[in-house]
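Below is one structure; the comments refer to it alone.
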Amino acid sequence: MADPVPHKARKSPVSRRSFLKTLGVASATVSAAPAFLRGRAEAQEFMVKAADPAAKAGGTLRFGILNAPAHFDVHQSGTIANLGPQAPMYDLLIRRDPRDGNTIIPDLAHKWEIAPDGKKYTFHLRKGVKFHDGAEMTSADMKATYDRIVRPPKGVVIPRSSLFTAVGDIVTPDAYTIEFRLTEPRPRAFMLGAFASGWNIVVRKKTLDDNGGNLRQVMNFPGTGPFRHVSRKDKEVWIQERNPNYWNKGLPYLDRLEIYNLPPFSPELGSSFLSGKVDYARIMDPVSWRKAKEMPGVTATAMNQSVIQAYFFNMKRKPFADPRVRRALHLATDRNVMVDVVKDTAPMQVGGFVYPFHEWSTPKAALEKRLGYQKDPKAAIQEAKKLMAAAGYGQGLKNLDFVVRDIASFKLWAVAIQAMLKENLNVETNLRVVQTSQWFEEAGSGNFDLAISAIVSSLMDPSDYFTAWYGKGGPQNYSGWTNEEFHSLAHNLEREVDENKRKAMIPRAEEILENDPPLVPVAWEQIYDAFYNRVHGQNATKFFGIYDVTRWDTVWMAQS
Amino acid sequence: MLALLRQNWLSAAGGLVAVFIVFVALAAPLIAPRDPLKADFRHMNKAPGAEAFFGTDQVGRDALSRVIYGARTSLFVAFSAVLLGTTVGSLWGVACGYLGGRFDLMSQRVMEIFQSFPDLILAMAISMAIGTGLPAVIVAIAITRVPFGGRVIRSVALSVSAMPFVEAGRAAGASSFRVMSRHVLPQCVAPYLVLATTHLGVAIVIEAALGFLGVGVPPPTPTWGNMLADAITGLVPQWWLVLFPGLAITVTVLAFNLLGDGIRDSLDPKLAPTVLRLVTGVGRSARSAGAPSATPAASAQGQPGAA
Amino acid sequence: MQKYLLRRALFALSTVIGVSLIVFVVLRILPGDPLVALLGVEAHSKMTPADRVLIMKDLGLSDSLPVQYVRWLRDIASGQLGKSFFRGDTVRDLILHRGPLSAEIAILALIISWLVGLPVGILSAVRPNGWADAVTRFLSILFIAIPGFWLSMLLVLALLFWFGYKAPILVVHLWEDPWQNLQIVIGPAIVLGLAQGAYIARMSRSCLLEVIREDYVRTARAKGAVERAVVLRHALPNALLPVVTISGVLLGFVLGGSVAVEQAFGVPGLGRALVTAIIERDIIVVQNLVLLYALIFVAVNALVDLSYAWLDPRIRYQ
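Chains as they are written, first to last, in my numbering: chain A, 443 to 1002; chain B, 592 to 898; chain C, 2 to 319.
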């Protein structure tokens, strides 16, 4: 359901029709839709509008989300602290439809073509798009943006660069066309998903040139987005106003955005929403969210987030080199209890090694029957004990150094895991709580036996996180895990363009991971949103994660 | 004890409570109804009731048992930190007061430097720098106690040094060390005791505050401080997880402070009234000689703002 | 007196320099990587060693310690106090924006401590060892014992529960909206003020008792003055001085103590900024804020000493 629609559209005419319907355009203008729909050249470019034709202009939206950004360079960021307040000021090359969170639709590129061999992507840019400083946006700016994302200059770290490893030359035949030439094919859904990622905001070439390619300390660099910067108070609020010269006439509907820095799951966020100080709250704590749900005139929604909470093994240390020991720990960790332990702290759901809500993964009902995911953990523990005995650790393990990030949910889990491992396998751990800044030092230098943290991916496509989390030397493979069969499977998955063949590879991947765990999945994050019903045009239930749709251009307020 | 009881029943009560708390800490395994580390995932977040008088926490551990065992860790941290910090500080102070001169001057500067840090921040930085764990917390708190011991006992030593019997000893040709250990040191014992009792309370509060700020004793070891820190995980923390550990801290600190008061009052007032006033921070004309410094009264206070 | 002043100033200066050296060194040996907070955990995990070298150089962290220290001194001299690792804001702006809240809390706490502490102290002293004395002494010793941050937690919990308390989300300065501003600062001020008030009460009680025993008070009493008049007109003014000085010193403690209390109340003051900066390893911010706290502490101490010296000529000539 949260799968990107394009490849679905190609597969089945039904989905394709529903896609067109979602676009809300008559068949005469279908050609405005992406080239993969095989449309004719367009008469009129596609422009997104609010789903409700009664949408009204005007009003101020007060949005509560996350801490202040650590810097202002969105490309270099990996946190909603940047996208939350900054995304409304910028546009992308192509984007996910804000009305359903999934469909890929035109943005600054009004149409595109993909070469049949999947090795060339050509995007046609809109004309007359202006940056907030008045300069026109051309393919030179687009190229500068993507040159930077694909191959960042030294000292600039862009987490999404890994999505574009196949991109070779980026050329601009004219001021309104940009071509990406791939060195080897990639699945289309993967590539389009990468281009539509909310992180790839389009910036001016001049901005990059003037600042030596680094925007970390440049607070208000010009974008083309629906909102313009007005003022910012550090760690408090970022105020923006409607961009009157926005290329999409009639948008945005809101006159003003006030984006408050309220930490995730914090009482500040919860109470600010419940007392009506903000109209829309994101990443709420479960207690406030449940209260909000019962309030009249309030809608509370939940969505899936691209984050797995897990604990890692130090594979360089002897017991964990044995896959049986790792599987034993995996089986002895009761995931249903894990979700329950933090139910008042953070919203979580049970899942395994791949996104539990992805249509390719084992469905929930089947997963619940699998060892290690059952409501009754007895059978799993039995099996875990056997594995430990077979590995020669029937007596258990002692004095394991368990490094824990100093965050409420990790501390609670660590205590629960410690109790479970002790009780089920006689594995004794010493918890070492360190601040986040230290956790990564310890994990990076291999100074731990077990370590608990959360890791995030950019795309729902397995090819993204299979590389980052489970890849050989992958940046988030803190266990230092390797498995040749898995690596070669992941390699093929990344290059296979046939979606059906790709899908067929997933069950085998899951099987490998279950038997030779690179980490122990603890839980999968969810995001709790709540908003007063005067806010229209944002229904976050189907969003995948919070990163791709945060522009507020189609959101409007009912006048009261 | 009887005299003390008649003089000051409040302090006597404080002393009794303090003894009781120390007893609880020592006999924790006998008193605690359950294992403080035993998680029970079927009874999480239960309000106080017949089964668990203080309720259970987010992983189903018995809060009462944790408060009881918490007394162990909290008192152990506080006792060790004060023993280490106040003792080192006091010995240093004796040396300063007796030796005087350049040594005294330099020491005074160093102590003043350490006192100029907000002590919670100093303890936080030190405990992070030496690494998390019980010893780190103890050393961190101890270091913040050193200048207090140093400055107060220094003043005591100064005034004692000027007393006729010490002058006599020195005139008789006794060595510095001998005079210090035979004549000066014994005079400092009483003020040291008062100081140590007061600072015991402060140390407990700092431990709790460190736990609250996330740099205290690591879980799952219960201390009153990290119990409080663990309580705040949602919008509205469970009241029993906030109330009981905090009450334990308050009662303990109160008991030790009352005891400290009592010890001060019961000491022979003819001995050196100024000295006693110095230590307890009560008195107006108290004024140390030598290098300029904060009013000793203030330095001797059990730092009100600690948390 | 001049010589004394000079000597006092030199001592203060040496203390401040000592503090700056210690905080400077401690921050640089602290484990933990500031780049985690700067880049975010995801980008941090994808950073190459070459990137790290460049970014550390950018932040000025790859220079030798003496060079970094001298740079800090220059930043202090320029009044900007250096830039935070994050967003490139100057520490000066941070202090100007958040400092007033913490200062207000400190001053309000001081006022509350006097309003509560002094009457209580007088009440105790008028009939020492009476029941009122016992109660107030117990209360004052109780408020010294209660950890401020715990009291804050209880207050916030109670306010949340009964009044739907909303934590402040914006810094509101006194001159912008006094009423909103008061809502932010009043909680921490009361918590800190009560603890200070307990000290004031103890101090004023014992000072009054001491003065009352002195000759001129006895004379006044012998002349037949009413007890209340004796206490208020004769004893109190004389007993006040040490109380004033101690509350000067307490002010320094309030600043330090506000760290945890601000955290508990969620007040966006300097204390909270300091804790956040320590956790994020924003060492430029930490070193400047700690120095600021130390400066205030040293200045208050110096003032207290000077007032003593001014009143008591013996000290000047030591």
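Ideal placement from N, C-alpha and C gives every residue a C-beta, glycine not left out.
Under the three-state reduction of DSSP, which class applies to alanine 529 of chain A: helix, strand or coil?
Look at alanine 529 of chain A here: in three-state DSSP terms it is helix.
Measure how close the beta-carbons of alanine 619 of chain B and alanine 662 of chain B come, nearest whole angstrom, since I'm counting them as under 8 Å.
The C-beta separation of alanine 619 of chain B from alanine 662 of chain B comes to about 7 Å, placing the pair in contact by the 8 Å criterion.
Could you give the DSSP three-state label for histidine 671 of chain A: helix, strand or coil?
Three-state result, histidine 671 of chain A: strand.
If I measure Cβ to Cβ from valine 17 of chain C and keep anything under 8 Å in the same chain, skipping five residues before and after, which residues do I get?
Closer than 8 Å at Cβ, skipping near neighbours: Leu292, Ala295, Leu296 and Val299.
Asparagine 746 of chain A to alanine 910 of chain A, Cα distance in whole Å?
Rounded to whole angstroms, asparagine 746 of chain A to alanine 910 of chain A spans 19 Å at the Cα level.
Grab the span of the beta strand (DSSP E) containing tryptophan 994 of chain A for me, first residue to last.
For tryptophan 994 of chain A, there is no enclosing beta strand (DSSP E), as DSSP marks it with neither H nor E.
Show which residues of chain C have a CB atom less than 8 Å away from the CB atom of asparagine 848 of chain B.
Ile142, Ile145 and Ala146, listed in chain order.
Per the DSSP calculation, glycine 506 of chain A is bridged to which residue(s)?
Paired residue(s): A/Tyr702 and A/Ala723.
Using a Cβ cut-off of 7 Å, pull out every chain A residue sitting near glycine 89 of chain C, in sequence order please.
In chain order: Gln659.
Alpha carbons only, please: which of B/Pro624, B/Gln649, B/Ala748 and B/Val728 is nearest the one belonging to glutamate 642 of chain B?
Per the Cα distances, B/Pro624.
With 16 as the cutoff for other CB atoms within 10 Å, does isoleucine 1 of chain C come out buried or exposed?
The structure shown does not extend to residue 1 of chain C, since chain C is modelled only from 2 to 319, so the question has no answer here.
Would a check of beta-carbon distances place alanine 603 of chain B closer than 8 Å to chain C?
Alanine 603 of chain B does not count as touching chain C.
Inter-residue Cα distance where the pair is leucine 838 of chain B and leucine 193 of chain C
Each residue's alpha carbon lies about 18 Å from the other.
Sequence-distant residues of the same chain with beta carbon closer than 8 Å to leucine 36 of chain C, five excluded per side:
Taking leucine 36 of chain C as the centre and dropping the five residues before and after it, the same chain places the C-beta of His45, Met48, Arg53, Ile56 and Met57 closer than 8 Å to its C-beta, in chain order.
According to the neighbour-count rule (16 or more other Cβ atoms, all chains shown, within 10 Å of its Cβ), is glycine 149 of chain C buried or exposed?
Label assigned to glycine 149 of chain C: buried.
Check distances from the C-beta atoms of the region 610-640 of chain B to those of chain A and list, in chain order, the residues that come in under 8 Å.
The region 610-640 of chain B vs chain A, Cβ under 8 Å: Leu628, Lys629, Ala630, Phe632, Met635 and Asn636.
Chain-ordered chain C contacts of serine 519 of chain A [CB-CB under 9 Å]:
Listed along chain C are Leu40, Gly41, Glu43 and Ala44, each with a C-beta nearer than 9 Å to that of serine 519 of chain A.
Let's see if you can read the secondary structure: which residues bound the beta strand (DSSP E) around glutamate 810 of chain A?
Counting along the chain, glutamate 810 of chain A falls outside any beta strand (DSSP E), and DSSP gives it neither H nor E.
Going along chain B in order, which residues have a C-beta closer than 8 Å to the C-beta of leucine 873 of chain A?
Within chain B, the residues near leucine 873 of chain A are Pro809, Pro810 and Pro811.
Isoleucine 279 of chain C versus chain B: which residues are under 8 Å apart at the beta carbon?
Chain B residues near isoleucine 279 of chain C: Ile712, Met715, Ala716 and Met719.
What do you reckon, is the C-beta of arginine 693 of chain B under 7 Å from a heavy atom of the ligand ZN?
Judged by which ligands are present, the structure shown has none, so any question about the ligand ZN falls away.
Flag histidine 513 of chain A as yes if its beta-carbon sits less than 8 Å from any beta-carbon of chain C, otherwise no.
Cβ-Cβ to chain C under 8 Å: yes for histidine 513 of chain A.
Thinking C-beta only, is alanine 748 of chain B closer than 8 Å to valine 775 of chain B?
Here valine 775 of chain B is near alanine 748 of chain B, since their CB atoms are less than 8 Å apart.
Less than 7 Å between C-beta atoms, sequence neighbours within five positions excluded: which residues of the same chain meet that for leucine 304 of chain C?
Exclusion of the five residues before and after leucine 304 of chain C leaves Gly249 as the residues of its chain whose Cβ lies within less than 7 Å of its Cβ.
I'd like to know whether the C-beta atoms of isoleucine 823 of chain A and tryptophan 855 of chain A end up nearer to each other than 8 Å.
Their beta carbons are not under 8 Å apart, which means isoleucine 823 of chain A does not touch tryptophan 855 of chain A by this criterion.
State buried or exposed for threonine 625 of chain A, treating a residue as buried only when at least 16 other CB atoms are found within 10 Å of its CB.
When all chains shown are included, threonine 625 of chain A counts as exposed.
Go ahead and pull the three-state DSSP assignment for aspartate 856 of chain B.
Aspartate 856 of chain B falls in the helix class under three-state DSSP.
Give the single residue among C/Leu14, C/Glu105, C/Ser21 and C/Ala38 whose Cα lies nearest to the Cα of proline 269 of chain C.
Comparing alpha carbon positions, the residue from C/Leu14, C/Glu105, C/Ser21 and C/Ala38 closest to proline 269 of chain C is C/Glu105.
For aspartate 848 of chain A versus asparagine 872 of chain A, is the C-beta distance shorter than 8 Å?
Cβ atoms of aspartate 848 of chain A and asparagine 872 of chain A: not closer than 8 Å.
Flag valine 192 of chain C as yes if its beta-carbon sits less than 8 Å from any beta-carbon of chain B, otherwise no.
Proximity of valine 192 of chain C to chain B, defined by a Cβ-Cβ separation below 8 Å, is not satisfied.
Spatial distance of alanine 763 of chain B from arginine 769 of chain B (CA atoms)
Roughly 11 Å between the two C-alpha positions.
Excluding five sequence neighbours on each side, which residues of the same chain lie with their C-beta closer than 7 Å to the C-beta of threonine 664 of chain B?
Once the five neighbours on either side are set aside, the close Cβ partners of threonine 664 of chain B are Val808, Thr812, Pro813 and Thr814.
N- and C-terminal bounds of the beta strand (DSSP E) containing asparagine 957 of chain A:
Asparagine 957 of chain A -> not in any beta strand (DSSP E); alpha helix (DSSP H) instead, spanning 941-957.
Since leucine 275 of chain C meets chain A, which of its residues come closer than 8 Å, beta carbon to beta carbon?
The contacting residues do not exist; leucine 275 of chain C stays about 13 Å from chain A at best.
Counting only C-beta atoms, is tryptophan 830 of chain B closer than 8 Å to chain C at any point?
Answer yes: the Cβ-Cβ gap between tryptophan 830 of chain B and chain C drops below 8 Å somewhere.
DSSP puts phenylalanine 139 of chain C in a beta bridge; with which residues?
Residue pairing for phenylalanine 139 of chain C: DSSP places it in no beta bridge.
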